[in-house]
Amino acid sequence: LAGFGRIGITYTTENYSVAKRIAILLKRYLNCKPQISITEVSQFGGRKTCRLRLDEHASERLLTSLQMMRTADRALLMNHLPKGARTRACCRRAFARGLFLGCGTMSKPESSYHLCFRCAGNIKKANTWYKMLAQSDIITRIAPSPDGAVLYSKKAETVSTFLGVVCASASLLHFENVLA
12 LAGFGRIGIT YTTENYSVAK RIAILLKRYL NCKPQISITE VSQFGGRKTC RLRLDEHASE
72 RLLTSLQMMR TADRALLMNH LPKGARTRAC CRRAFARGLF LGCGTMSKPE SSYHLCFRCA
132 GNIKKANTWY KMLAQSDIIT RIAPSPDGAV LYSKKAETVS TFLGVVCASA SLLHFENVLA
């Protein structure tokens with residue numbers, strides 16, 4: 012929310028490929044072109060962050076098409092995930108895949124098994140993510156962090172289930188070979 016009844020969506024990621032993919036999908040399905048800016052943070056080894064920003068009209072179309080805002084009442088944003096995203100297995104799979112691409116990390120299976128999602132924001136968002144992952148039998152734990160919360164699992168079974176849910180077949184086979 013930008014104030015004065017205006018809406019704007021900004022997506023920030025450290026992965027340029029993810030930002031490029033989002034821009035392509037927005038252009039293909041909503042016929043809009045986001046403003047892309049790349050900034051380099053001198054701290055932490057000079058990491059780069061990509062920021063995609065949608066204007067007010069494109070943001071409204073995106074939120075309406077995702078059933079996160081009603082067209083009749085512009086000021087009313089839904090504070091939950093759409094029902095289809097919670098009930099359909101294909102949508103839960105896409106949610107898990109997008110969650111991993113946006114804020115997930117996974118350690119090498121040779122050293123340890125660690126699956127982690129960094130949730131910037133409030134704990135309520137982390138609880139929503141926890142419930143969505145749990146519906147797909149991906150059991151994680153929630154730990155508070157300075158910038159929000161972290162969902163994580165150190166169990167090999169959970170990592171294996173996650174890889175199966177997001178259809179990462181090659182990674183799943185490699186992971187299972189390392190376990191054996």
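For this note's numbering, count along the sequence shown from 1 and bump the result up by 11. Just so you know, even glycine gets a beta-carbon here, dropped at the ideal spot from N, CA and C. Keep in mind that this is a model prediction, so the values were computed, not measured.
Restricting attention to 175, 31, 25, 181, the CA atom closest to the CA of residue 107 is found in 175. When the Cα atoms are used, residue 42 and residue 76 turn out to be separated by approximately 13 angstroms. Look at residue 189 here: in three-state DSSP terms it is helix. Taken through DSSP and simplified to helix, strand or coil, residue 46 comes out as strand. Here DSSP, grouped into helix, strand and coil, assigns residue 178 to coil. Within the same chain, and ignoring the five residues on either side of residue 73 in sequence, the residues whose Cβ sits closer than 7 angstroms to its Cβ are 20, 41, 65. If you look at residue 39, you'll find it isn't in any beta strand (DSSP E); it sits in the alpha helix (DSSP H) that goes 27-41.
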